[in-house]
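Notes for the one structure printed next.
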Amino acid sequence: MRTVLESSRNDARAARERRERRPEVDRTAVLVIGLGRFGAALATTLDQLDRRVLGVERDPDLIRTWSGRIPLVEADATNPEALEQLGAREFHTVVVGVGTQLEASVLITGNLVDLGVPQIWAKAISAEHGRILERIGAHHVVYPEYDAGQRVAHLVSGKMLDYIEMEDGFTIVKMRPPQELHGFTIGQAQIRKRHGVTVIGVKAPGVPFQYAVDDTRIDAEDLLIVSGENALLERFAARP
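Going by my numbering, the sequence shown opens with residue 75, and the numbers climb by one from there.
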């Protein structure tokens, strides 16, 4: 019994020491693992936004491609010791951009979970892949190809220029106004009553964005920000 108690105490002491040794996490820092199309686009955009970002890649060709363009390091993130050495614990957010190599994706995500990374975003290429990542502890799973295809399908089906789907079927879109609205104010057009959607704002060329009120006039060159249910917005955007 004494041996079991001593072992338990030692384990608790070791866990406490690991917590105490944990470096302070930079909440603005993002570690991007995998510099394929998805990871590279993400890392370069974060760098342009002046976020502290570090790319990790093991392919020498990709290292040469991105060297000097973004901060990066050559390492194999499937090796937990490599993640320790590059300071993965210091990052609040880590994005696993590896998708096509399923085993590597799962191993890297598992390593990050073991390190206690606060926010792990992982790319998945299928629903099954995503479920595995969620089960081993990824906080957010993204499906870039599926999401992009779904978004583009909405954009090509009408006058939509941008499309953001929220929750419970609620969506916000940027679109050109249907012809029947040209020259009318929002109050005159009775958009909410006739179409079931709400114009949030109007952006005319060369004029600052303005929130929509009944007296806001709509012209052919304007951009509308409209919210509502998906099906209603699709019908509204499809009007000539």
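Even for Gly, the Cβ is constructed at its ideal location relative to N, Cα and C.
Distance check between D124 and each of T102, A196, E219 places T102 closest, using alpha-carbon atoms only. Non-local beta-carbon contacts of D121 in its own chain, meaning distances under 6 Å to residues more than five positions away in sequence, involve V127, I144 in chain order. At a cut-off of 3 residues, the continuous stretches assigned as beta strand (DSSP E) that sit fully inside the segment 243-283 are 244-249, 272-277.
By the neighbour-count criterion, in which a residue is buried when 16 or more other Cβ atoms sit within 10 angstroms of its Cβ, A305 is exposed.
The C-alpha of R205 lies about 47 Å from the C-alpha of D288.
In this structure, G171 places its C-beta atom within 8 Å of the C-beta atom of G108. Residue environment: T183 is assigned as buried (16 or more neighbouring CB atoms within 10 Å of its CB, all protein chains considered). A distance of 8 Å or more separates the beta carbons of T272 and G243.
Around A178, the same chain offers T152, V172 as residues with beta carbons nearer than 6 Å, after the five sequence neighbours per side are excluded.
In the DSSP assignment, the residues bridged to A196 are V170, V215. The Cβ-Cβ distance between L298 and V281 does not fall below 8 Å. Taking a C-beta distance under 8 Å as the contact criterion, P252 and R291 do not qualify as a contact pair.
Shortest Cα-Cα distance from V191 to any of Q264, F165, R250 involves F165. A Cβ-Cβ distance of about 17 Å is found for the pair A311 and D293, leaving them out of contact under the 8 Å criterion. Annotation for L189: L157, A162, R163 place their beta carbon closer than 7 Å to its own, counting only its chain and skipping 5 residues before and after.
DSSP, read as helix, strand or coil, puts V180 in helix. DSSP places E131 inside the beta strand (DSSP E), whose first and last residues are 127-131. Scanning H213, V169, D133, R309 for the CA closest to the CA of A115 turns up V169. The shortest CA-to-CA distance from K233 to any of V104, V147, D150, V300 is the one to V300.
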